[in-house]
Every structure is written in C-alpha cells, then in structure tokens.
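With this note's numbering applied, the sequence shown closes on residue 533, and no number is skipped along the way.
Taking it in order: structure first as structure tokens, then the write-up.
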Amino acid sequence: MVGYSAYQLDPGPLEPSVLTQQLTHRSRDIWDGNVNMILNTRRCDGKFWDLVKKYPIHPRVLEVIELSGLYGIYRSNRPSIDRSLITSLVERWRPETHTFHFRTGEATITLQDVEVLYGLPVNGDPVLGDESIRTIGDWQNICQRLLGFIPRPQNFNRSSLKVTALNAHMLEQQQLPNLATQDMINQMARCYMFWMIAGMMMADTSGNYLKLMFLPMLEDLSVVSSYSWGSATLACLYHFLCKASQSNQNEIAGFLPLLQIWAWERVTVLKPQVIAQRDTENNFLAGLPRGPHATRWFAHFSWTNTTKHVLKVFRDALDSMTEDQFIWEPYSDDLIENLPDYCRIGRDIWRVRAPIFCWDVVEVHLPDRVMRQFGLKQTIPTPFLFDATHFHHDRRGRPNTNWKLEHAQWLPFWNQRLQYICDAPFNREPLRYDDPYLIWFKRITRLVIGNPTQRPQQQKGYVPNSTAYETMVCIRFRVFVIYLLRIYQWQGKYYFFSKILTWKIVTYVFS
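Structural data, given as structure tokens:
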C-alpha cells in the first residue's frame, strides 16, 4: 500500500534472547516478501486406509493390535490434511521453544494431546535401538519371520521397504482362514502395526518407503505396548516442525493428523463445524474399547464459519487471533474421565519436562511453557539448555550406532521422569494485560507473520484483512509501552502518570 514502505516496521522480537534462530526462520522470509509457499505434506498411509476400508481388519488380528497400544490409530481413521492450515501453523512454530507463538501466548502439542486424541501409550520405555548394519538378505529374513513374506531386492532402499511391496502382500493375505494359526495372525498384525508406525506415526519425507528399523521392535508382541509410542510420535512431529520452520524448506512429514486435529480442538478460527459423525463402528468391534477422542473429527463438516486450503486466510486469522479464539483446555475433567482407559493411563506424566526420543531424534517436551493448557498459572519459563539447531542432526552417515548410548546424557531425564513433573497453582482466569508473563512474552516473540507493506493494492480473490494500520500501530505502540514499563517499574508492579491512558494503550497493544 502507498506510503507504508516509509515506515520501518519491526514485528519482533524486540529482545532476541529466546528466538535466537530468527534470521533463518521462515517468518523472516515471509515478512521480506520472499516466500508464500504452501508446504508439501508427506504421507504414506493412503493405501493403508483404502485397504482397511475394502477389507476390515480380521477380529483376531485386531485383538493383537489392541493389546499392542496402537489400536487408537486404526480407530481414528484418516482425515484429509489441509496443507495451508499446516503451513500457517509451521510459520508460528519455534524450534528454540518447541511451541507455537500466538498473540495469546505460547501453545504446543503435549503428551496429553497424543494420549487423549489417539490413545498412544506415553508412559513407557523410549523408542530406541541398536542400528546394526544389515544386508538386504538380512532384512528379507526378518520380513519373512515377522511379516510372513520375502520382499524382492528391488523393493528395498538401504534399510527401508517400499510401501507397495507391503501393500501387495497384505492384499494377498486378506482371506485369512478361520483356522489360521496364531503365527499367521501375529504376522498380519505386525504388517498393520509396522505400517502404522513407519508410515503414519513416524512418517518421513520419502513418501513411499517404510523405515525397517522399527520392525524388530515388533518381534515380541508381549512387550510392544511397553514402549512410549506416544512420546516417540511427538518427538518426530517436533523434529519435522523444527525443520519445516526454516528458510527454503518446502515439505513436512511426521504425524500430521495429530497436528491438524490439535489445531481444530483449540483454535476456533481454524476449525470446521461438525455436521454429522461418520459411522466408524463395525460388527466385529464388539467387546473392544471405544475409539479415542480424535474419532469425533471423522465426520462430515460445514465450512460456513471458516475456510479451507487458503493460506493467507489462515495466516490472517492467526495474526489477529484474540484470547477468546483459543481454547486452552479443550479436554474437560468430565471428558477425560469418560475416555477409554487407554486414553488416560499415562496422565501422571502429561506434564513431564524432559527429552523425548525416537531413535536418532531427541526433542524436548516443555509443558512449563504452556501451563494454561493444564489449567495452571503460567509464569516466565526457565530455559532448557539444548542445541537450538538440534533438528539438523539425523541418521545419515551413522551406521552401527547404538542410540541408547548415543543419547546417554539425556536418557536419565526420561528414566526418572516422575521427578520432572511441572506444577503450578491452579488458575483458569485469563491473564491481565499487565501480567509479567505477557509483558515478557510480547518482548521476546514475533507478533505478526504477514507484512502489511507486502499487501498489493489490487488482488484477485481474498485480500488479507488484518488491517495494515492496526498492525503498524500495534508494533509501534508496543515499543512505546514496553519503554514505559521499564521506566516506571517499581517492586514488580507498574505505575504510570495516567492510569486511564495507559490502560487503554496496553489493552489495545497486548490484546
């Protein structure tokens, strides 16, 4: 717009002590007008859902899956992923804090979300192993023993298996005889579980290969449920969010249904209206638990009050989001109590502040930054000392690595996780404009992603409507108010010459 370029707008952070990676963050490119790209979302589960829709899982196989702790993934079905919505969230993800920075404060996906929404076990052993070098022949033998078939050599890519090879085998085995041996049942169950783990929960950017390193963990079916699959899933999602938040990235992987449904549960300006639930019950499910909370989003939607697939609309909505448009506690106490047991059995560690693992991936779970998501008072969080560029590390060039030994410095935190539970006074009241946390947060965060000076005078379709004037005034007044707060600070409280004028300014700027 005319004249805006004369202003030197600074969306933040005013103090770079927390967001140390801002120079390489995606939001800087957006502000400079250099990127408006919608991320490609890498998934490997389309054929899986086609298969189970055409051939529902055999009851005996489903019983094995239920005992493994992965039952909730199957019961939740496959949502359609909105790439624009995912991209708008990535723009606000910060690898330094593992949180989304909204106008209302920090928020993130926690172990509570993973267990409530998908019923994945969170309180268990870390998903780690010894990455021994194996030949294609070694992997063929393992596949024959655990999955019941021998893939052809051309279906392997180092230590990964083409998903089409697994799909072809499962199609051939759908007519399980009524007198199938338990070994046959177990092999078919492993096929489903391996696909769910490597192709959904820990999906990578390959798009059509499944990492075989997870397969040996399914050999002893009696211990599969003892692993913390929920924390491993969350670690992978954190990892890919961190990578995608950087400049010049064009794709994201991980368990994206978790990310999208998390947003629908909490951000009212993003979620569609549920018109009618789809029927997810089948006769053979009698006697098995109900599905997890995410099943409520397997439904028919109305988009009357929101949109889909339009990045600039989502970005605008988040740039102008107000306190009443974010639901800090979507899971009421009554809702949690009425969930199936497997969706709340790990509630003792939902607020653990500790590293979480998935083989080479180590991320940090920081609920102390989002205590309002648990109905507790939010204070200024203390830093957790870890490498802010951790997401650049991966398995490439690391053969014969024992990941338990590799992560030895971080494992004690998880092994003693009950000692690292975050707590705070109960508080469900909205934070006041002069709350110390909000004042601190506004100094260290980036308030807006979209740049008002980059908005063209004429544009077809939707014109972003988080007004440029409001954005400019907000940013400039923010500097002014924080300057006053520093000058007139006294014993932790803030006094001003004109309380009425200051209240109006601060309420406007920090809303």
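Ideal Cβ positions, reconstructed from N, Cα and C, are used throughout, including at glycine.
*Nearest candidate by alpha-carbon position, reference tryptophan 601, set Phe277, Ser244 and Glu359*: The first residue shown for the chain is 23 and the last is 533, placing residue 601 beyond what the model contains.
*Are arginine 375 and phenylalanine 336 touching if we call contact CB-CB under 8 angstroms?*
no
*Less than 8 angstroms between the CB atoms is what I'm expecting for valine 74 and leucine 361, so what's the real figure, rounded?*
The Cβ separation is near 23 angstroms, so there is no contact.
*Report the three-state DSSP secondary structure of proline 117 (helix, strand or coil).*
coil
*Around the Cβ of valine 245, are there at least 16 other Cβ atoms within 10 angstroms (buried) or fewer (exposed)?*
exposed
*Between the region 323-336 and the region 374-391, are three or more C-beta pairs nearer than 8 angstroms?*
no
*Spell out the partners DSSP gives phenylalanine 323 in its beta bridges.*
Phenylalanine 323 pairs with Val296.
*State the beta-bridge partners of isoleucine 378 as determined by DSSP.*
Glu385
_Assigned secondary structure, threonine 42 (DSSP; H/G/I helix, E/B strand, else coil)_ = In this structure, threonine 42 counts as coil in the three-state DSSP scheme.
*Does DSSP put glycine 127 in a helix, a strand or coil?*
strand
*Identified DSSP bridge partners for histidine 47*: Gln268
*asked:* Would leucine 31 and threonine 475 be called neighbours here (beta carbons separated by less than 8 angstroms)?
replied: yes
_Taking the beta strand (DSSP E) that aspartate 232 belongs to, which residues open and close that run?_
Checking the sequence shown, residue 232 turns out to be leucine, not aspartate. Element bounds for leucine 232: 231-233.
*aspartate 152 in three-state terms, based on DSSP*: strand
*Quick one: what does DSSP say valine 475 is sitting in, helix, strand or coil?*
According to the sequence shown, residue 475 is threonine rather than valine. Threonine 475 falls in the helix class under three-state DSSP.
*What are the start and end residues of each continuous beta strand (DSSP E) run of 3 or more residues lying completely inside the region 145-205, in chain order?*
182-184
*Assign glycine 313 to buried or exposed, taking buried as 16 or more other Cβ atoms, counted over all protein chains shown, within 10 Å of its Cβ.*
buried
*asked:* Assuming serine 250 and proline 143 are in contact, meaning their beta carbons sit under 8 angstroms apart, how far apart are those beta carbons, in whole angstroms?
replied: 6 angstroms
*Considering only residues of the same chain and omitting the five flanking positions on each side of isoleucine 358, which have a CB-CB separation below 6 angstroms?*
If we look at isoleucine 358 and ignore the five residues flanking it on each side, its Cβ neighbours are Arg366.
*Going by the CB atoms, is the gap between leucine 292 and leucine 61 shorter than 8 angstroms?*
Not a contact, by the Cβ cut-off of 8 angstroms.
_Segment contact, 8 angstroms Cβ cut-off, at least three pairs: the region 254-271 with the region 160-170_ = no
*asked:* Here's the rule: buried if 16 or more other CB atoms are within 10 angstroms of the residue's CB, otherwise exposed. What is asparagine 177?
replied: Asparagine 177 comes out buried.
*Are the beta-carbon atoms of isoleucine 207 and valine 86 separated by less than 8 angstroms?*
yes
*Tell me whether valine 289 sits in a helix, a strand or coil according to DSSP, three-state version.*
Taken through DSSP and simplified to helix, strand or coil, valine 289 comes out as strand.
*Find the nearest neighbour of cysteine 66 within the set Lys184, Leu243 and Leu84, judged by alpha-carbon distance.*
Out of Lys184, Leu243 and Leu84, Lys184 has the C-alpha closest to the C-alpha of cysteine 66.
*Would lysine 426 be called buried (16 or more neighbouring beta carbons within 10 Å of its own) or exposed?*
exposed
*asked:* If the criterion is Cβ atoms closer than 8 angstroms, does the pair glutamine 347 and valine 386 meet it?
replied: At a Cβ-Cβ threshold of 8 angstroms, glutamine 347 and valine 386 do not count as neighbours.
_Tell me which residue opens and which closes the alpha helix (DSSP H) that tryptophan 350 is part of._
Segment: none, tryptophan 350 is in no alpha helix (DSSP H) and carries neither H nor E.
*8 angstroms Cβ shell around alanine 285 - same chain, five flanking residues per side excluded*: Leu107, Leu111, Leu292 and Lys293
*asked:* The alpha helix (DSSP H) that contains isoleucine 466, what's its start and end?
replied: 458-466
*Which residues in the same chain as phenylalanine 171 place their Cβ atom closer than 7 angstroms to its Cβ, once the five residues preceding and following it in sequence are excluded?*
So the list reads Cys165 and His191, once near-sequence residues are dropped.
*What residue range is occupied by the uninterrupted alpha helix (DSSP H) comprising tryptophan 425?*
For tryptophan 425, the enclosing alpha helix (DSSP H) begins and ends at 425-428.
_So, with DSSP's three-state summary, where would you put phenylalanine 532?_
Annotation note: pLDDT 46 at phenylalanine 532 (below 50); position unreliable, coordinate value reported separately. Coil at phenylalanine 532, not helix or strand.
*To the nearest angstrom, how far is it from the Cα of threonine 423 to the Cα of leucine 234?*
Between the alpha carbons of threonine 423 and leucine 234 lies a gap of roughly 15 angstroms.
*Roughly how many angstroms lie between the CA atoms of isoleucine 471 and leucine 398, to the nearest whole one?*
28 angstroms
*asked:* Rounded to the nearest angstrom, what separates asparagine 473 and lysine 334 at their Cα positions?
replied: 11 angstroms
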